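In what follows, a single structure is set out as structure tokens and then discussed.
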Amino acid sequence: MHAIKLLLEDHKKMKKFLKQLEQTSERAVQKRKDLFNTIKHEAKIHEKMEELYLFKLLKEYEKSRPNVFEHHEEVLLVEHMIPQLSRSKVNTEEWTAKFKVFKELNDHHIEEEEEEKFPQAIKLLSKEELMEVGAKMEMFKKKHAKK
Ligand SMILES: [Fe+2]
Ligand SMILES: [Fe+2]
């Protein structure tokens, strides 16, 4: 599969999970926990895969190199919130607020990739390269799928 197609499908799924969780109330403890676990798992695989296969190639180009570093910094920011969200109780106003910020960061991250980073990747890399990256990503996803 074409790498960008695969990543866009992932984004669509992620946006759906984030929205579903945002719409839960503080009483929906188990649902919040389950959804957050899914988001955590999916986000981890997704970002790892992007960095390992796509951004690694984009680092070689002067034009996209700053975007690769920016991407990494955003990933660190999002990742740093995960243990906090995992540790604290989901039935509190604090958790709701923390998750809201987490969602905003993710939404921003996705939007920037779709509007800037992916179009740039399509410009700089050949279709063959992007197909090859896509194939590697598919293998990676299979290997790390939740059992
Ligand atoms: Fe990303
Ligand atoms: Fe992404």
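In this note's numbering, the protein residues as written are -5 to 141.
Backbone N, C-alpha and C define an ideal beta-carbon position, used for all residues, glycine too.
Computed from a prediction, not measured in an experiment: that's the story for all the values here.
Item to complete: Express the C-alpha separation of Glu20 and His66 in angstroms, rounding to a whole number.
Response: Walking along the sequence shown from the start, residue 66 turns up at place 72. Walking along the sequence shown from the start, residue 20 turns up at place 26. One alpha carbon belongs to His66, the other to Glu20, and they sit about 32 Å apart.
Discussion item. Can you tell me whether His65 sits near ligand 1, meaning its C-beta is under 7 Å from at least one heavy atom of the ligand?
Written reply: Against the sequence shown, residue 65 aligns to sequence position 71. Set against 7 Å, the gap from the CB of His65 to the closest heavy atom of ligand 1 is smaller.
Fill in: Assumed close pair Lys97, Glu16 - CB separation to whole angstroms, cut-off 8 Å
Position 103 of the sequence shown, counted from the first residue, corresponds to residue 97. Position 22 of the sequence shown, counted from the first residue, corresponds to residue 16. Contact flag correct, Cβ pair sits at about 6 Å.
Practice prompt. Examine ligand 2 and report whether any of its heavy atoms sits within less than 7 Å of the Cβ of Leu1.
Written response: Taking the first residue of the sequence shown as position 1, residue 1 is located at position 7. Because some heavy atom of ligand 2 lies under 7 Å away, the Cβ of Leu1 counts as near it: yes.
Item to complete: Keeping to the same chain, check which residues put their C-beta closer than 8 Å to that of Asp4; ignore five residues upstream and five downstream.
Response: In the sequence shown, residue 4 corresponds to position 10, counting from 1. Cβ neighbours of Asp4 beyond the five flanking positions: Glu36 and His40.
Practice prompt. Check the C-beta distance from Leu12 over to Ile33 and give it rounded, since I have them as a contact under 8 Å.
Written response: As a working note, residue 12 is residue 18 in the sequence shown. As a working note, residue 33 is residue 39 in the sequence shown. Their Cβ separation, rounded to whole angstroms, is 7 Å, which keeps Leu12 and Ile33 in contact under 8 Å.
Worksheet item: Are there 16 or more other CB atoms within 10 angstroms of the CB of Asn61, so buried, or fewer, so exposed?
Response: As a position in the sequence shown, residue 61 is number 67, starting the count at 1. Result: buried.
Fill in: Unbroken alpha helix (DSSP H) run spanning Thr86, endpoints
Taking the sequence shown and counting its residues from 1, one reaches residue 86 at position 92. That residue, Thr86, is in no alpha helix (DSSP H); it is neither H nor E in DSSP.
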